[in-house]
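In what follows, a single structure is set out as structure tokens and then discussed.
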Amino acid sequence: PPLPVRQWVLSMPKRLRYFLEREPVAASAVLHILLRVVEAHLRKHSPGASAQARFGAVSFVHRFGASLNRHLHYHCCILDGVFDPIEEGAVQFRQATALAPEEVAVIEEQVRRRVLRWFSRHGLLDPDDVRDMLTWANSGFSLDASVCIAGHDRAGLERLLRYCARPPFALERIEQVNEDRIVYRLPEPQRDGRTALSLTPLEFIDHLAALIPPPRLHRHRYHGVLAPIAPLRLAATAYG
1 PPLPVRQWVL
11 SMPKRLRYFL
21 EREPVAASAV
31 LHILLRVVEA
41 HLRKHSPGAS
51 AQARFGAVSF
61 VHRFGASLNR
71 HLHYHCCILD
81 GVFDPIEEGA
91 VQFRQATALA
101 PEEVAVIEEQ
111 VRRRVLRWFS
121 RHGLLDPDDV
131 RDMLTWANSG
141 FSLDASVCIA
151 GHDRAGLERL
161 LRYCARPPFA
171 LERIEQVNED
181 RIVYRLPEPQ
191 RDGRTALSLT
201 PLEFIDHLAA
211 LIPPPRLHRH
221 RYHGVLAPIA
231 PLRLAATAYG
């Protein structure tokens with residue numbers, strides 16, 4: 001629907017990425033924790049919203065970084081407000097108030113604590129390690145919500161969704177120099193100054209193989225009123 005959409009991007013500490021890359025259940029659990037916390041925030045900060053109000057979101061699980069490296073993180077395009085059912089088959093959108101940086105910090109902290117508790121409960125982290133990680137000044141968790149697309153900016157929304165749904169590499173950046181060397185141009189210089197990767201064909205295949213998601217694991221998912229079987233989906237998508 002033509003409504004404001006905010007992008008929420010969550011990155012995780014390296015210690016947890018090992019499990020996220022190898023345990024699909026863990027990767028899905030972190031995503032659901034993030035979405036539950038954001039939905040609760042939107043319901044609380046959308047004037048007039050009832051306890052039955054639901055959000056709408058499309059999530060994208062990225063398993064890659066800009067330099068063909070493993071880096072599992074999450075991009076979520078979430079409608080900036082909630083839908084309230086007002087009568088049979090009808091909804092009212094309640095737009096959220098402006099998002100302050102300190103509110104993002106609170107949400108990040110809630111996500112951090114819930115994720116670490118989940119890892120502890122499921123035996124992936126020792127409880128003592130979790131208590132230690134909770135004291136870290138730099139936890140490795142990073143949540144960004146600075147990008148918000150206005151409801152009328154359909155071209156901007158398309159660009160955002162195309163960015164979130166992009167594949168792990170771009171064909172136009174690949175150049176085969178000769179039979180023994182493939183160059184992959186990076187979108188921006190790395191910290192060490194490199195602007196491209198120079199790889200043998202086997203090294204290149206090795207990089208790509210590491211980015212293949214597990215079988216039967218969707219990279220794009222729909223949540224809340226945008227979920228395929230959501231009772232309010234038809235009214236929400238036709239709204240406005």
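Those letters in the sequence shown? Residues 1 to 240, per our numbering, in order. Yeah, the Cβ is synthetic: ideal placement off N, Cα and C, and Gly gets one too. Only a predicted model underlies this, so the values are computations on that prediction, with no experimental measurement involved.
Member of L124, C148, F204 whose CA lies at the smallest distance from the CA of L161: Taking the first residue of the sequence shown as 1, we reach residue 161 at position 161. Residue C148 is the option with its Cα nearest to L161.
Contact under 7 Å by Cβ, W8 with A145: Along the sequence shown, one-based indexing puts residue 8 at 8. Along the sequence shown, one-based indexing puts residue 145 at 145. For W8 and A145, yes; Cβs fall inside 7 Å.
Classification of D84 by the beta-carbon crowding that lies within 10 angstroms, buried from 16 upward: Within the sequence shown, residue 84 is the residue found at index 84, counting from 1. So D84 ends up on the buried side.
Beta-carbon spacing of H152, I107 below 7 Å: For the purposes of this step, residue 152 is taken as residue 152 along the sequence shown, with counting starting at 1. For the purposes of this step, residue 107 is taken as residue 107 along the sequence shown, with counting starting at 1. Taking 7 Å as the Cβ cut-off, H152 and I107 do not qualify as a contacting pair.
Test item: CB-CB of R221 and S46 under 7 Å: Walking along the sequence shown from the start, residue 221 turns up at place 221. Walking along the sequence shown from the start, residue 46 turns up at place 46. No, they are not a contact pair.
Under the three-state DSSP convention, the category L72 falls into: As a working note, residue 72 is residue 72 in the sequence shown. Reduced to three states, the DSSP call for L72 is strand.
Cβ-Cβ distance between F91 and A49 below 7 Å: For the purposes of this step, residue 91 is taken as the residue at position 91 of the sequence shown. For the purposes of this step, residue 49 is taken as the residue at position 49 of the sequence shown. Going by the sequence as given, residue 91 is Val instead of Phe. Between V91 and A49, the gap from beta carbon to beta carbon reaches 7 Å or more.
Buried versus exposed, by CB contacts within 10 Å (16 or more), A57: In the sequence shown, the residue the question calls residue 57 occupies position 57. Under the 10 Å beta carbon count, A57 is surrounded by 16 or more other beta carbons and is classified as buried.
Short Cβ contact (7 Å threshold) for L124 with F19: Here residue 124 refers to the residue found at position 124 of the sequence shown. Here residue 19 refers to the residue found at position 19 of the sequence shown. Closer than 7 Å, so yes.
Reduced DSSP category for I205 - H, G, I as helix; E, B as strand; rest coil: Position 205 of the sequence shown, counting from 1, holds the residue named residue 205. Reduced to three states, the DSSP call for I205 is helix.
DSSP bridge partner residues for W8 (one or two, in chain order): For this step, residue 8 is matched to residue 8 along the sequence shown. According to DSSP, W8 bridges with C76.
Extent of the continuous alpha helix (DSSP H) to which Y163 belongs: Position 163 of the sequence shown, counting from 1, holds the residue named residue 163. First-last of the alpha helix (DSSP H) with Y163: 154 to 164.
For F119 and L16, believed in contact at Cβ under 8 Å, the rounded distance: Counting from 1 along the sequence shown, the entry for residue 16 is found at position 16. Counting from 1 along the sequence shown, the entry for residue 119 is found at position 119. Beta-carbon to beta-carbon, L16 and F119 are separated by about 7 Å, close enough to satisfy the 8 Å threshold.
Reduced DSSP category for L116 - H, G, I as helix; E, B as strand; rest coil: Translated into positions along the sequence shown, residue 116 becomes position 116. L116: helix per DSSP, three-state reduction.
Identity of the residue in F204, V25, S139 nearest Q110 by Cα: Taking the first residue of the sequence shown as position 1, residue 110 is located at position 110. The candidate whose alpha carbon is nearest that of Q110 is S139.
Pair within 7 Å by beta-carbon distance, I174 and Y184: Mapped onto the sequence shown, residue 174 falls at position 174. Mapped onto the sequence shown, residue 184 falls at position 184. Yes, Cβ-Cβ distance for I174 and Y184 is below 7 Å.
N-terminal and C-terminal residue of the beta strand (DSSP E) that V58 is part of: One-based indexing of the sequence shown puts residue 58 at position 58. Where V58 is concerned, the enclosing beta strand (DSSP E) stretches over 56 to 64.
Best match in E88, L186, V177 for proximity to P231 [C-alpha to C-alpha]: Taking the first residue of the sequence shown as position 1, residue 231 is located at position 231. Closest by alpha carbon: E88.
Sub-7 Å separation of H73 and S11 beta-carbons: Taking the sequence shown and counting its residues from 1, one reaches residue 73 at position 73. Taking the sequence shown and counting its residues from 1, one reaches residue 11 at position 11. In this structure, H73 sits near S11, with a CB-CB distance shorter than 7 Å.
Residue interval of the beta strand (DSSP E) (run including V225): The residue labelled residue 225 in the question sits at position 225 within the sequence shown. Run containing V225: none; DSSP gives neither H nor E here.
Integer Cβ distance of S67 from L211, believed to fall under 8 Å: Here residue 67 refers to the residue found at position 67 of the sequence shown. Here residue 211 refers to the residue found at position 211 of the sequence shown. Going by Cβ atoms, the distance from S67 to L211 rounds to 11 Å, so no, they are not a contact pair.
According to DSSP, residues forming a beta bridge with Y184: Your numbering for residue 184 matches position 184 in the sequence shown. Y184 is bridged by DSSP to I174, L197.
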